[in-house]
Each structure stands twice: as C-alpha cells, then as structure tokens.
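Written below as structure tokens is the structure these notes are about.
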Amino acid sequence: MHLTTRPLAPDDRAQVIALYDAVGWGAYTADPGRLIRALAGSAVVATAWDGGELVGLARVLSDGETIAYLQDILVQPDHQRRGIGARLLQTVLEPVAQVRQTVLLTDDEPGQRAFYESMGFTEAHDHSPGMRSFVRLQP
C-alpha cells in the first residue's frame, strides 16, 4: 500500500469518481467536474494506492492558522478495516497540526463515532466546555 499527498493528476479523474461511487457518495459524483474542482481547491489531499488502483482518499480544507475542516475520508469497501483510513487521516492532518480547531461532519452511525474517537476527535456536544455544531445543506 502506498500513501501519497501528491496532487491528483488528470488521469486520476475516473478512479476518483469510481472511489466516491464505491462508498455511495453519489451526491459528489452527480457533477464530476465540481468534485474535481473541489479536490483541486483543498488545502491537503492524501491518496492511498494499491498498485495502480486508487483505494482511499482524504482531504482537508483550511486557512492554515485557526481552522481545518476534514471534508472527506473514504476507503474502497474491500480495503476497509486495514488501517488505511487512519493512515490517510494522520497524513492530511499533519500539515495542519498547529491549527486551533479541526472539525468534521459525518454520518450518524456507531462505527463512525468509534473511528473518530479513536483518532482523538470528540463529538461537539460531548466537548467541555459544551459546544454546538450546526450545518446548512443545499439540496
């Protein structure tokens, strides 16, 4: 397994779309051009490769000083539970380790909570002092 933070190449586009589709994130692949532009605009993108196959990707948006937002972390279903997600997360957070807040919004399923807590995250409502988080999604 090879992890890299290299920029995605134009030749990677089909594999990126296939990866997002494989994890059921069709809202991203409905407009592939938008997805590719979003990746290009990210502060950090890390990818995991098994040979020539893209099997994982994580990305962070950040101002580099006060906030980093973990936007995406995904691993091909047949490659999950091998530590790839943890390695991707460590890789994308390293360049923004000095920022005050690292934030993410994710699905409400027990496996997600367990994974992120194992990586040092706390749910906002469990944080001391108490915090709230809000989201506004466009259709």
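Remember, my numbering sits 222 above the position in the sequence shown when you count from 1.
Heads up, the beta-carbon is just placed ideally off N, CA and C, and yes, glycines get one too.
Owing to the predicted nature of the structure, the values given are computational and were not obtained by experimental measurement.
Between which residues of its own chain and residue i is the CB-CB distance below 8 angstroms, once the five residues before and five after are set aside?
i    : result
I353 : At residue 353 the sequence reads Met, which differs from the Ile that was named. Excluding residues within five positions, the ones whose Cβ falls inside 8 angstroms are A346, H347.
P299 : A244, V245
Y338 : L326, T328
Tell me the rounded alpha-carbon separation between residue i and residue j.
i    : j    : result
F356 : L326 : 11 angstroms
A290 : L283 : 6 angstroms
T344 : L230 : 31 angstroms
H224 : S350 : 38 angstroms
G263 : G274 : 24 angstroms
D330 : R235 : 29 angstroms
T313 : P361 : 31 angstroms
R256 : A336 : 31 angstroms
W247 : L241 : 9 angstroms
A249 : Q320 : 32 angstroms
R303 : A268 : 18 angstroms
Which of the three DSSP states is assigned to residue i in this structure?
i    : result
S284 : strand
T344 : coil
H224 : strand
V245 : coil
V267 : strand
For residue i, which residues of its own chain have a beta-carbon under 6 angstroms away from its beta-carbon, when the five flanking residues on both sides are left out?
i    : result
I239 : T251, P254
I306 : A270, G278, V297
Q334 : T328
What residues in its chain sit with their C-beta under 7 angstroms from that of residue i, if we drop five residues either side in the sequence?
i    : result
P317 : V266
T288 : V321, R322, Q323
Am I right that residue i and residue j are in contact with their C-beta atoms under 8 angstroms? What's the rounded C-beta distance?
i    : j    : result
I295 : L311 : 6 angstroms
Within 8 angstroms (strictly less), CB to CB, does residue i reach chain C?
i    : result
Q302 : The structure shown contains no chain C; it is built from a single protein chain.
Please specify which runs of the beta strand (DSSP E), each continuous and at least 3 residues long, are wholly inside the region 271-337, giving them in chain order. 275-284, 289-297, 323-326
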